[in-house]
Structure formats: C-alpha cells, structure tokens
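Numbered by numbering that gives the first Met the number 0, the letters in the sequence shown go through residues 0 to 457 in order.
We treat Cβ as the ideally placed atom computed from N, Cα and C, and that holds for glycine.
These notes concern the structure reproduced below.
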Amino acid sequence: MSRIIVISNRVSTGGGAHGGLATALHAALRENGGIWFGWSGERVEQFTGLINFQRENGVTTATVDLDDHDIEEYYNGYANRTLWPLFHYRIDLAEYERDFAGGYQRTNKRFADTVSPLIEPEDLVWVHDYHMFPLGAELRKRGVRNRIGFFLHIPWPPRRLLVTLPEAEELVKALLAYDLIGFHTPEWVESFCDYVCHELGGTLEGGNELVLGKRRVRLIACPIGIDAAEFAKLTESDTARQTFERVRESVVGRALIVGVDRLDYSKGLEERFLGYERFLTDNPEERKEVVLLQIAPPSRASVDSYQRIRSTLEGLAGRINGAHAALDWVPIRYVNQGYPRDVLAGVYRASKIGLVTPLRDGMNLVAKEYVAAQDPEDPGVLILSRFAGAAEQMPDALLVNPYSAEEMSDAIRQALIMPREERIRRWETLIRDVQEQDVVWWRTQFTEALKAVPERAR
Ligand code: GDG
C-alpha cells in the first residue's frame with residue numbers, strides 16, 4: 000500500500016483531541032504510513048529549512064519554522080488578506096500587494112525544497128488548501144513524479160471575481176500541475192472549469208478532466224464530512240452531559256439558539272445578530288422565550304479586518320442587549336472564546352436551534368456536528384445558510400438567505416413552533432447523510448480517485 004504524504008499549512012500531531020479532519024488523516028497515516036508536513040506555527044529569525052520530526056501515536060509529523068517575512072507576506076498577507084477574502088467573494092477586503100504574492104511564492108518554494116527529499120517514489124502526495132496552490136508545480140520542478148492531489152477547503156470564486164487577482168492566471172496554471180483537484184461542491188468545480196476554459200482556453204473532457212496544452216487534470220466534487228460516530232460518543236461523555244445540564248438550567252426553560260464560529264467575516268455573524276434582532280422585534284410575544292448563545296473564538300487577530308469584525312460585533316451585541324434585555328433576561332450571550340469539543344457537544348445538544356448562517360463557506364462542519372449531537376427522540380432544528388457548501392447535502396435543514404434578516408427571523412419562528420414529528424423526520428434524513436458521508440468516506444473518495452489517475456508522463 001502506498002504511503003501518504005499530507006502537506007498543509009498547519010500540522011496536527013498524533014496526540015490529544017482533534018477535529019474530524021485531523022482524526023481522519025491520522026488514521027490514514029497510521030494505516031498506510033507516511034508523514035504530515037507543514038509549518039510549525041513557530042517564528043525564527045532566519046529560515047533554515049531545518050525539519051522537526053515527531054512521532055506520536057503512530058503518526059509522524061515533519062514541521063519547519065518560518066521567518067518574519069514569510070509569516071507576514073505568505074500567511075498574514077497573501078493567504079489571509081488576499082486569497083481568503085477574494086475566495087469568499089469579498090473583493091472589497093482583498094489586498095493585492097506584490098510583496099504578498101512574492102512572499103507566497105517564496106514560502107511555497109521553501110516548503111517544496113524541504114519536503115521533496117522526504118517523498119519516496121510510490122508515495123501518494125495530498126496537498127491541502129489555498130496556502131499551497133503552487134506547491135505541486137514546485138514539487139514537479141524538483142523532479143517529483145508521484146501522483147499529487149490537491150483539495151481546496153474553501154469555495155472557488157466565480158470567474159468575474161477571480162480575474163481581479165493579478166496573479167490569477169499564474170496560480171491557476173500552477174494548479175494544473177496536480178493530477179487531481181478536489182472541491183467540496185459541484186458549484187466550485189464549475190467555477191474552476193469556467194475560468195480555465197474561458198480565460199485560458201482549456202477544454203473539459205469526459206465531464207471531469209480539464210486539458211490545457213500538455214496538462215491534464217482530473218476534478219472531483221467531494222464534500223468533507225465529520226467523524227459522526229466520534230461526535231455522537233463525545234455527546235455521551237460526562238463533560239458533555241454536565242454541560243448540557245448547566246446550559247439548560249441557565250436558560251430556565253427558554254429555547255436556546257446556538258452559533259459556533261471562528262470570528263471571521265465570512266461566517267455572517269453580523270447578519271445573524273441582525274436577523275435575530277429582527278425576530279425579537281417581529282415576535283414580541285416570543286421575545287423572552289429565547290436566548291442566542293454565540294460562541295466565537297477569535298482568529299487571525301493580527302489582520303485588521305478581523306479586529307474590525309470583533310469590535311463591530313461587540314458593539315452590535317451590546318446595542319441589541321441594551322435595547323431588548325429585561326431584569327431577568329439577556330437576549331444574546333456573546334462569548335469570545337473557544338471551548339473543548341466535548342463541551343461544544345453538550346452545548347449543541349442543549350440547543351433547540353443550530354443557527355449556521357455563513358455568507359459564504361466551503362462546507363461548514365458546525366452544521367454537521369450540530370446534527371450529530373442531537374437527541375434522536377427530541378432533535379433540534381438546523382437553520383443553514385444557502386451559501387454554505389453544506390446546504391447541498393442538507394436540504395432538510397431550514398435553508399435561509401443570510402443577507403435577509405426577514406428570512407432569518409421567519410426561520411427562527413418556524414423552528415420554534417415546528418412539531419416534534421417534523422423535527423424527527425428532518426433530522427433522520429440529515430443524520431443519515433452525516434453518518435454515511437463522514438470524514439472517512441471523504442478521505443477514501445479522494446485518495447481512491449487519486450490512485451485511479453492513469454500513469455502518465457509528469
Ligand atoms: C474551513 C472552511 C470547511 C469552532 N469553535 C470551536 C471549535 N470549532 C471547530 C468546529 C468545527 C471547526 O472548528 C470549524 O469548521 P468549519 O467547517 O465550520 O469552518 P473553518 O474553520 O472556516 O474551516 C470550511 C472546513 O475548512 C473543512 O474543509 O468546512 O468551509 O472555511 O469543527 O467545531 N472547536 C473547539 N472549540 C471551539 O470553541 N474545540
């Protein structure tokens with residue numbers, strides 16, 4: 000069996016508690032052997048390319064430290080201030096700086112220099128996400144002939160937005176060095192094809208293979224899942240049960256609505272608060288019957304747009320609470336910190352509504368975790384944005400347009416009064432797919448498709 004070389008910006012070691020993605024990749028690394036390579040998250044004065052190998056629970060990781068320039072230009076710059084906003088349709092926030100683009104290329108070359116000697120001829124190489132678009136092409140330049148696949152965890156933007164990126168053509172051509180490119184949904188596959196065919200003159204063959212000059216690359220829509228069984232187990236843990244009791248007690252019979260998101264403008268938190276406020280205004284009789292708990296651990300705090308969203312949300316939560324709170328009731332509990340996964344599982348289970356309303360999201364795993372944590376006898380209702388990749392797999396959620404406060408308000412009302420039979424019927428369909436198309440299913444789909452790419456001159 001081929002070893003697997005996973006390459007991503009950040010690396011998750013074999014120890015401790017992890018999200019589904021890390022667990023699934025660890026399992027693959029344990030079963031097949033291999034290495035997970037990426038940035039250590041540490042800063043050094045001068046890049047040395049020195050690799051730190053670790054082995055924990057049968058998983059080998061290999062990490063390198065980056066220097067200030069790399070972190071500023073590659074990570075905070077091109078990845079977080081250029082590509083992330085553009086790929087989430089926010090060209091108003093995207094910053095196009097040649098230094099960022101240069102630092103991104105340089106860091107990818109450094110990664111390629113460092114990891115290529117670790118790759119053996121039969122290894123499958125699997126590169127992850129927008130930090131690493133050019134890595135495959137750089138590996139090819141260093142003589143790596145292996146099958147190399149790439150998976151994008153975020154959306155692929157429409158052609159008309161992508162053309163605003165000065166390096167779009169260069170990046171897309173570099174992507175064609177991979178053998179297989181995976182996206183969460185057919186929509187992102189189509190957008191990618193649209194760019195290659197209409198801007199670069201490529202052609203699509205057999206429905207899933209793009210051809211441009213001598214390059215040929217397969218495409219796959221392959222939605223990521225969660226480790227549903229593990230999440231259901233977490234929900235049964237002591238911590239989850241205690242959390243459930245504590246949270247339920249704290250709302251004294253009111254319906255809890257929960258949101259859990261990294262503090263990021265793509266997650267639509269501002270619009271969510273406004274939709275919830277609209278619900279409070281439109282339904283005065285329900286006002287004191289609900290509580291919104293928004294858990295939003297800060298992320299990317301050194302980027303300006305993230306500092307702005309933090310202060311906007313604090314202001315908004317304060318205003319809504321100020322306008323609507325009563326002596327014994329506060330409408331929004333806004334918590335700016337992260338919690339362990341077993342605590343989250345208990346919170347999901349205690350919540351009558353999971354409010355997941357990103358403006359744009361590659362998939363959204365919180366939606367699936369919320370479903371996995373529900374009580375089969377008395378499940379809560381998932382309200383999900385149409386613009387999350389997950390919407391396609393989860394038509395039995397209440398799908399909403401997060402830009403419309405009215406739609407969000409209506410959906411909250413509908414969820415609150417939904418009869419138990421309907422909640423169960425919807426949940427049963429949702430949980431079936433969350434269980435069937437879990438993270439192992441996703442990993443297998445991708446790696447089997449990569450193995451199936453014919454041997455050809457690379
Ligand atoms: C990217 C794409 C795509 C959140 N707060 C806490 C916590 N979390 C966990 C959740 C969930 C994960 O973080 C978030 O996953 P999402 O999918 O919602 O979003 P991104 O982080 O933006 O991930 C996304 C994903 O990649 C996978 O391809 O779905 O579209 O943007 O698992 O539970 N975990 C803990 N404490 C918290 O407070 N422990």
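Quiz item: For ligand 1, is there a heavy atom less than 7 Å away from the beta-carbon of Gly361?
Solution: Numbered from 1 along the sequence shown, position 362 holds the residue referred to as residue 361. Checking every heavy atom of ligand 1 against the Cβ of Gly361, one is found closer than 7 Å.
Quiz item: Is Arg261 near ligand 1, going by C-beta to nearest heavy atom under 7 Å?
Solution: Along the sequence shown, read from residue 1 onward, the residue named residue 261 stands at position 262. Correct: Arg261 has its Cβ closer than 7 Å to ligand 1.
Practice problem: Just mark Ser408 as buried or exposed, buried being the case when its beta carbon has 16 or more other beta carbons within 10 Å. | Solution: The sequence position of residue 408 within the sequence shown is 409, counting from 1. Buried, since its Cβ has 16 or more Cβ neighbours within 10 Å.
Quiz item: Which same chain residues, not among the five before or five after Ile496, have their C-beta less than 7 Å away from its C-beta?
Solution: The structure shown does not extend to residue 496, since the chain spans only 0 to 457, so no value can be given for it.
Exercise. Note the first and the last residue of the continuous beta strand (DSSP E) segment covering Asp66.
Key: Here residue 66 refers to the residue found at position 67 when the sequence shown is read from its first residue. Counting along the chain, the beta strand (DSSP E) containing Asp66 begins and ends at Val58 to Asp66.
Exercise. May I ask you to report which of helix, strand or coil DSSP gives His197?
Key: Position 198 of the sequence shown, counted from the start, is the residue given in the question as residue 197. Correct three-state label for His197: helix.
Quiz item: Of all the options Glu96, His323, Gly317 and Ala316, which has the alpha carbon lying nearest to the alpha carbon of Lys287?
Solution: Locating residue 287 in the sequence shown gives position 288, counting from the first residue. For the residues Glu96, His323, Gly317 and Ala316, the minimum Cα distance to Lys287 belongs to His323.
Quiz item: Mind checking whether His87 and Pro165 have CB atoms under 8 Å apart?
Solution: The residue given as residue 87 occupies position 88 in the sequence shown. The residue given as residue 165 occupies position 166 in the sequence shown. Cβ distance not < 8 Å, so His87 and Pro165 don't count as in contact.
Quiz item: Quick one: what does DSSP say Trp328 is sitting in, helix, strand or coil?
Solution: Residue 328 sits at position 329 when you count from the first residue of the sequence shown. DSSP places Trp328 in strand when its eight states are reduced to three.
Quiz item: Whose C-beta lies closer than 8 Å to the C-beta of Asp98 among residues of the same chain, with five residues either side of it excluded?
Solution: The residue you call residue 98 lines up with position 99 of the sequence shown. Result list for Asp98: Glu72 and Gly76, in chain order.
Self-check item: Pair within 8 Å by beta-carbon distance, Val438 and Ile223
Solution: As a working note, residue 438 is residue 439 in the sequence shown. As a working note, residue 223 is residue 224 in the sequence shown. Yes, Cβ-Cβ distance for Val438 and Ile223 is below 8 Å.
Quiz item: So is the beta-carbon of Leu82 under 7 Å away from any non-hydrogen atom of ligand 1?
Solution: Numbered from 1 along the sequence shown, position 83 holds the residue referred to as residue 82. Not so, every heavy atom of ligand 1 lies at least 7 Å from the Cβ.
Quiz item: If we call anything under 8 Å between Cβ atoms a contact, is Ile147 one with Tyr103?
Solution: Residue mapping note: residue 147 aligns to position 148 of the sequence shown, counting from 1. Residue mapping note: residue 103 aligns to position 104 of the sequence shown, counting from 1. No, they are not a contact pair.
Quiz item: Would you say the beta carbon of Glu368 comes nearer than 7 Å to a heavy atom of ligand 1?
Solution: Stepping through the sequence shown from its first residue, residue 368 is reached at position 369. Yes, ligand 1 has a heavy atom inside 7 Å of this Cβ.
Practice problem: Tell me whether Arg271 is buried or exposed, calling it buried when 16 or more other Cβ atoms sit within 10 Å of its Cβ. | Solution: For the purposes of this step, residue 271 is taken as residue 272 along the sequence shown, with counting starting at 1. Flag for Arg271 reads buried.
Quiz item: Given that a residue counts as buried once 16 or more other Cβ atoms are within 10 Å of its Cβ, and exposed if not, what is Lys367?
Solution: Looking up residue 367 in the sequence shown gives position 368. With 16 or more Cβ atoms within 10 Å of its Cβ, Lys367 is classed as buried.
Quiz item: Between the region 238-257 and the region 343-361, do three or more beta carbon pairs fall short of 8 Å?
Solution: yes
Quiz prompt | Rounded Cβ spacing between Gly48 and Ile3 (contact assumed at less than 8 Å) | solution = As a working mapping, residue 48 is identified with position 49 in the sequence shown. As a working mapping, residue 3 is identified with position 4 in the sequence shown. Contact flag wrong, Cβ pair sits at about 23 Å.
Exercise. Assign Thr202 to buried or exposed, taking buried as 16 or more other Cβ atoms, counted over all protein chains shown, within 10 Å of its Cβ.
Key: Locating residue 202 in the sequence shown gives position 203, counting from the first residue. With fewer than 16 other Cβ atoms within 10 Å, it is exposed.
Quiz item: Based on the DSSP output, what are the partners of Arg9 in its beta bridges?
Solution: Counting from one through the sequence shown, the residue named residue 9 turns up at place 10. Looking at the DSSP assignment, Arg9 forms a beta bridge with Trp38.
Self-check item: Expected contact under 8 Å - CB spacing of Leu312 and Leu268 to nearest Å
Solution: Translated into the one-based positions of the sequence shown, residue 312 becomes position 313. Translated into the one-based positions of the sequence shown, residue 268 becomes position 269. Confirmed, Cβ separation roughly 6 Å.
Quiz item: Who does Arg215 pair with in a DSSP beta bridge?
Solution: Translated into positions along the sequence shown, residue 215 becomes position 216. The partner list for Arg215 (beta bridge, DSSP) reads Val210.
Quiz item: Is the region 314-331 in contact with the region 289-304, if contact means three or more CB pairs nearer than 8 Å?
Solution: yes
Exercise. Return the CA-CA distance between Asn207 and Leu170, expressed in angstroms with no decimal places.
Key: Here residue 207 refers to the residue found at position 208 when the sequence shown is read from its first residue. Here residue 170 refers to the residue found at position 171 when the sequence shown is read from its first residue. Answer to the nearest angstrom: the Cα atoms are 20 Å apart.
Self-check item: Among Leu28, Asp64, Ala410 and Thr238, nearest to Ser39 - alpha-carbon criterion
Solution: Here residue 39 refers to the residue found at position 40 of the sequence shown. Nearest option by C-alpha distance: Asp64.
Quiz prompt | Separation of Cys192 from Ala61, as counted between CA atoms | solution = Looking up residue 61 in the sequence shown gives position 62. Looking up residue 192 in the sequence shown gives position 193. Straight-line Cα distance between these residues: approximately 34 Å.
Quiz item: Within 7 Å: the Cβ of Ile294 and any heavy atom of ligand 1?
Solution: Stepping through the sequence shown from its first residue, residue 294 is reached at position 295. Ile294: yes, Cβ under 7 Å from ligand 1.
Quiz item: Taking DSSP as the reference, what is the three-state secondary structure of Leu291?
Solution: Sequence index remark: in the sequence shown, residue 291 carries index 292 (1-based). Note: Leu291 maps to strand in three-state DSSP.
Quiz item: Going by beta carbon distance, what residues of the same chain come within less than 8 Å of Val334, once the five residues before and after it are set aside?
Solution: For the purposes of this step, residue 334 is taken as the residue at position 335 of the sequence shown. Hits under 8 Å: Leu292, Gln293, Ile294 and Ala295.
Practice problem: Grab me the residues of Gln413's own chain with a C-beta within less than 7 Å of its C-beta, minus the 5 sequence neighbours each way, in chain order. | Solution: For this step, residue 413 is matched to residue 414 along the sequence shown. These residues qualify, in order along the chain: Leu397.
Quiz item: When you compare each of Gly361, Ile411 and Arg261 to Phe278 by their alpha carbons, which one comes out closest?
Solution: Working through the sequence shown from its first residue, we reach residue 278 at position 279. Phe278 has its Cα closest to that of Ile411, out of Gly361, Ile411 and Arg261.
Quiz item: Which residues in the same chain have their Cβ closer than 8 Å to the Cβ of Ile308, if we skip the five residues on either side of it in sequence?
Solution: Locating residue 308 in the sequence shown gives position 309, counting from the first residue. Only Leu262, Asp263, Tyr264, Leu268 and Glu269 meet the Cβ criterion.
Exercise. Assign Val188 to one of three DSSP states: helix, strand, or coil.
Key: Against the sequence shown, residue 188 aligns to sequence position 189. Val188 falls in the helix class under three-state DSSP.
Quiz prompt | Candidates Lys108, Glu285, Arg9 and Pro297, of which the one nearest Asp128 by Cα | solution = As a position in the sequence shown, residue 128 is number 129, starting the count at 1. Residue Arg9 is the option with its Cα nearest to Asp128.
Quiz item: If you draw a straight line from the alpha carbon of Met0 to that of Ala26, how long is it in whole angstroms?
Solution: Here the question's residue 0 lines up with position 1 in the sequence shown. Here the question's residue 26 lines up with position 27 in the sequence shown. If you take the alpha carbons of Met0 and Ala26, they lie about 14 Å apart.
Exercise. Work out the CA separation of Thr242 and Pro357 for me, nearest whole Å.
Key: For the purposes of this step, residue 357 is identified with residue 358 of the sequence shown, where counting begins at 1. For the purposes of this step, residue 242 is identified with residue 243 of the sequence shown, where counting begins at 1. Each residue's alpha carbon lies about 26 Å from the other.
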